[in-house]
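The sequence shown begins at 89 in the working numbering and counts up one residue at a time. Beta carbons are placed, not taken as given, at the ideal position from N, Cα and C, and that holds for glycine. None of these values were measured; they are calculated from a predicted model.
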Amino acid sequence: MVGVPHSTGCSRCRERRIKCDKVTPECSQCRRYGRGCPGYRRTYSFRDEGPGLERRHLSSASRASRQSVSEPASPVPDAARRVRDNALDMMRRYASLGDDYINTSSPTRILLERQHIQCFADFIRTAFPTMYYHNRFRATDRLDFPSYVIQDVGSHIFQDAAVACLSSVYLAYLSQDSTLLKTSRQMYAQTLHEVARALQTPDAMSDAMLSTMMMLSVYEMYAQTNNDAWVVHADGVRRLMVSRGARSHAHGMARSCYIAYRGFLVATAIYKGKPCFLDEEEWQQLALHVGAEDSRKPTEWSSSIHPAELVFTEIVKCPRYLSEALELAYFFPSPSVTAAIPDLMHRVRATSRALREATANLRASIDYDQRSHSRSPYEDAMAGESGPSLLLQGAESTIVVMRDLLDRLARAAARPETSSALSFRVVSELDRGPPVAPNNRIDFLAVTWLDRIASSMGMIGTAIVSDY
């Protein structure tokens, strides 16, 4: 395999797609705009040069005797192809672990053991209590996300393998067992192999592939094989969903995947400093459509669904505003940037007003539900927290973030030549990772920290901090 270098400029210039002069110790673009230059490093994609080398060294007689056979056009969409390339890249890193795993047992055989399937169900209910218990009534056909996956056992080996490695890393995390962690990574290597293979088949755009990419991102949030590996899989989820379109996620397992994972999509956009595609019109309409349907279902939480979806449709706009502000900061204080600030401020104000109103309605719905219904056992275990209450906390965090952003934009517009208000970065719960309990003990918050991120639409703990 031969490494092919891409742009060797600093990561900040590469991210903004501008030319980097690679001057040391910091490039001219970063120095010009007063931003710390992150430095230069080579990134590599991998290309199999084996066939080319073989052809190059064949004798002319041998080449003449061969008939060229053109490969058929690949039916796999671009999104699936990109996801497959990422999976192959990660698979190469864990190839040796995968070999060890293949030589011992297959994930399908492990999954067929009843206790392993039960472990997966227990993981979802324990690690995502509010997401699971509050949203299970929202699934169509009365099947929630884990039920769909368990019902599908044996149908897709790549999905079975993802369940196996996710269950194992959860047990390793709870028990702090390094041997079990190594086993889970062996399973992970094999899962990547199966995913790469399936992405060349019609299964590439299937619900099973979507659920598998979701599970792999959660696996990486626990295993942390490297700092940003979970982002690769989250980006895979994004690419598949965008390619499939919003309407494909209105029913069945895809609907459960959409409801379960959208908080992580917002959190990933915040983490990457990019807009979230869920703020686009077709996805906004999906949220309102799904919310309208679910609010008519007979359940104790149905009254909070409509206001919750209105809150979500406003929260999901926040990553775009932050992304635009970061882009403006890079070229600030040029006249074009100064001229663009008022329009951004206008949109942030409008969203803040709508979010405050939706938040007030959600709070009233939660108060009504609490007066009308007794608290469930899982809410007692969660110290009274529920899906709506965590979403409410996420909305309140979003309001604070947008208020801070408005203040910074106003200060930058008032004093463009001297203000450093737009020199900031955004921190979130995903940056911090799971809370660490004293004496290496796993406490309740450490087990459920991803649930809090998912149920709050990625916004709990999100804040703007100065980056001087």
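Among the residues of its own chain, which have a CB less than 6 Å from the CB of residue i, if the five just before and after it don't count?
{"i": "Y261", "result": "Y310"}
{"i": "Y258", "result": "F211"}
{"i": "Y409", "result": "V436"}
{"i": "K107", "result": "none"}
{"i": "S162", "result": "In this prediction, S162 scores a pLDDT of 44, lower than 50, which makes its location untrustworthy; no coordinate-derived value is stated."}
{"i": "A149", "result": "In this prediction, A149 has a pLDDT of 34, which is less than 50 and means its spatial position is unreliable; what the coordinates show is noted afterwards. Around A149: no qualifying Cβ."}
{"i": "I429", "result": "L497 and A501"}
{"i": "Q362", "result": "First, the amino acid is wrong: residue 362 is Lys here, not Gln. Correct list, in chain order: S411."}
{"i": "S99", "result": "P126"}
{"i": "S390", "result": "S383"}
{"i": "W371", "result": "A334"}
{"i": "T196", "result": "The predicted position of T196 is uncertain, since its pLDDT is 46 and thus under 50; a value taken from the coordinates is nonetheless stated next. The residues are I245 and D248."}
{"i": "S116", "result": "D109"}
{"i": "R520", "result": "none"}
Rounded to whole angstroms, how far is the Cβ of residue i from the Cβ of residue j, which I believe are closer than 8 Å?
{"i": "V535", "j": "A215", "result": "6 Å"}
{"i": "L376", "j": "C364", "result": "Between C364 and L376 the Cβ distance is about 16 Å, and since that is not below 8 Å, they are no contact."}
{"i": "D555", "j": "S507", "result": "That pair is no contact at about 14 Å."}
{"i": "R540", "j": "L478", "result": "6 Å"}
{"i": "S344", "j": "F246", "result": "At roughly 18 Å, the Cβ-Cβ gap does not stay under 8 Å, so S344 and F246 are not in contact."}
{"i": "A583", "j": "M490", "result": "Absent from the model: residue 583. The displayed extent of the chain is 89 to 556, so no value can be given."}
{"i": "L374", "j": "A334", "result": "4 Å"}
{"i": "A249", "j": "Q278", "result": "6 Å"}
{"i": "A542", "j": "G351", "result": "4 Å"}
Excluding the 5 residues flanking residue i on each side, which residues of the same chain have their C-beta closer than 7 Å to its C-beta?
{"i": "Y307", "result": "C253, L254, V257 and Y276"}
{"i": "D367", "result": "V404, K405 and R408"}
{"i": "E402", "result": "T439, A442, L443 and A446"}
{"i": "L268", "result": "S256, L259 and A260"}
{"i": "E505", "result": "P421"}
{"i": "S392", "result": "L450, S453, I454, D457 and P476"}
{"i": "E114", "result": "C125"}
{"i": "V425", "result": "L416 and F419"}
How is residue i classed by DSSP in three states: helix, strand or coil?
{"i": "I548", "result": "coil"}
{"i": "F233", "result": "helix"}
{"i": "C125", "result": "coil"}
{"i": "S554", "result": "strand"}
{"i": "L513", "result": "Position check: residue 513 holds Arg in this sequence, whereas Leu was assumed. In this structure, R513 counts as strand in the three-state DSSP scheme."}
{"i": "R197", "result": "Unreliable positioning characterises R197 in this predicted model, as indicated by a pLDDT of 48, which lies under 50. The coordinate reading is nonetheless provided below. R197: helix per DSSP, three-state reduction."}
{"i": "C98", "result": "strand"}
{"i": "L287", "result": "coil"}
{"i": "S390", "result": "helix"}
{"i": "V404", "result": "coil"}
{"i": "K360", "result": "helix"}
{"i": "T112", "result": "coil"}
{"i": "R31", "result": "Absent from the model: residue 31. The displayed extent of the chain is 89 to 556, so no value can be given."}
{"i": "S559", "result": "A query on residue 559 cannot be resolved here, the shown segment of the chain reaching from 89 to 556 and no further."}
{"i": "F420", "result": "coil"}
{"i": "P160", "result": "Because P160 sits at a pLDDT of 39, beneath the cut-off of 50, its placement in the model cannot be relied upon, and the following sentence gives the value as read from the coordinates. P160 falls in the coil class under three-state DSSP."}
{"i": "S453", "result": "helix"}
{"i": "G566", "result": "Past the boundaries of the shown model lies residue 566; the chain is included only from 89 to 556, so the question cannot be answered."}
{"i": "F216", "result": "coil"}
{"i": "A338", "result": "coil"}
{"i": "S474", "result": "coil"}
{"i": "R384", "result": "coil"}
{"i": "E484", "result": "helix"}
{"i": "S543", "result": "helix"}
{"i": "S508", "result": "coil"}
{"i": "E370", "result": "helix"}
Spatial neighbours of residue i within its chain, please: CB distance less than 8 Å, with the 5 preceding and 5 following residues excluded, ordered by chain position.
{"i": "S294", "result": "H244"}
{"i": "S485", "result": "S544, M547, I548, G549, T550 and A551"}
{"i": "T447", "result": "V399, L480, A483, E484 and I487"}
{"i": "V553", "result": "F512, R513, V514 and V515"}
{"i": "N55", "result": "An answer regarding residue 55 cannot be provided, because it is not within the stretch 89 to 556 covered by the chain."}
Closer than 6 Å: is that where the CB of residue i sits relative to any heavy atom of the ligand HEM?
{"i": "D240", "result": "Questions concerning the ligand HEM fall outside what the structure shown contains, since it holds no ligand whatsoever."}
Check whether the stretch 412-424 and the stretch 389-398 are in contact - that is, three or more C-beta pairs closer than 8 Å. Contact between the stretch 412-424 and the stretch 389-398 is absent, because fewer than three Cβ pairs lie under 8 Å.
Of all the alpha helix (DSSP H) runs that stay within the bounds of the stretch 239-283, which reach a length of 4 or more residues? Secondary structure in the stretch 239-283: the alpha helix (DSSP H) runs of 4 residues or longer, each lying completely within the stretch, are 245-263 in chain order.
Can you find at least 3 beta carbon pairs, one from the stretch 296-310 and one from the stretch 318-332, that sit closer than 8 Å? They touch, by the three-pair rule.
The stretch 380-389 touching the stretch 268-287, judged by at least three CB pairs closer than 8 Å: Result no; under three Cβ-Cβ pairs closer than 8 Å.
Please confirm if the stretch 435-452 is in contact with the stretch 508-523, defined as three or more CB-CB distances below 8 Å between the two stretches. The count of Cβ pairs closer than 8 Å, one atom from the stretch 435-452 and one from the stretch 508-523, stays below three, leaving the stretches out of contact.
Flag this pair as touching only if the stretch 282-289 and the stretch 329-341 have three or more C-beta atom pairs under 8 Å; answer yes or no. These segments do not touch.
4 or more residues per run - each alpha helix (DSSP H) lying fully within the stretch 295-320: Every alpha helix (DSSP H) stretch that sits fully inside the stretch 295-320 and reaches 4 residues is listed by chain position as 295-311.
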